[in-house]
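Undergrad: Numbering (this note's numbering), first residue to last: 175 to 339.
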Amino acid sequence: MTTTMTNIEDRTDDPGLVIETATTRVLTLARTWLAWDGKPRLSEDGERIYTPHKVIRRYADHLVDHLAQIEALLAGVPTRPNGWRESRMTTVADFARFTEGDLNEAVERLTRLSRTIRLRLLVAGPSEWDRPRDGSWTLREIAEHVGSSWYAEQLGDLSSPPPAA
């Protein structure tokens, strides 16, 4: 039996592509955060604050949470309840200066995580992507949910100073 490798970029129906696209956007914005002035930014809903480290932490946590959810759904077992306080909590470490080393770590971590989810979805295959699962999102719906750069957009592009108030 001969197997052939397919170039992942040649896929036409690929629900995980949206996740890698969001990660690219997150990292594009993160490259501007080396200029961060140390002041947290208020989210659009006015309920949370964001710093570069918090955005990276929350985006990575979001990817991990939903990768675990995908794995549990495919295994036919309940997902582990989430015990994190999520984005309502800001840690002392979230206020640290964002350095080139931090950016490099974020690039490596987020790129690998988003690619892992994409590959997992591809391995699960089209028959699993839209299969209803009692009380849960489909795998495609999970991918669409995770495929958002919302956390990073809350901090935004810091390559130029914010407009004067």
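C-beta atoms are modelled at their ideal positions from N, C-alpha and C, and glycine is treated no differently.
#1: Compute the Euclidean distance between the alpha carbons of arginine 172 and glutamate 194, then round it to the nearest angstrom.
#2: Just to confirm the assignment, what range does the alpha helix (DSSP H) spanning threonine 225 have?
#3: Assign threonine 176 to one of three DSSP states: helix, strand, or coil.
#4: Please specify which runs of the alpha helix (DSSP H), each continuous and at least 4 residues long, are wholly inside the region 214 to 288, giving them in chain order.
#5: Any contact between the region 276 to 294 and the region 226 to 236? By contact I mean 3 or more CB pairs, one from each, below 8 Å.
#6: Taking 8 Å as the cut-off, does the region 267 to 278 touch the region 211 to 226 (at least 3 CB pairs, one atom from each stretch)?
#7: Are the beta-carbon atoms belonging to serine 333 and threonine 206 less than 7 Å from one another?
TA: Per the coordinate set shown:
#1: Any answer about residue 172 is impossible in this case: the structure gives the chain only from 175 up to 339.
#2: Note, threonine 225: premise wrong, no alpha helix (DSSP H); not H, not E.
#3: Here threonine 176 scores only 43 on pLDDT, less than 50, and its place in the model is too uncertain to base an answer on.
#4: 226 to 249
#5: yes
#6: yes
#7: yes
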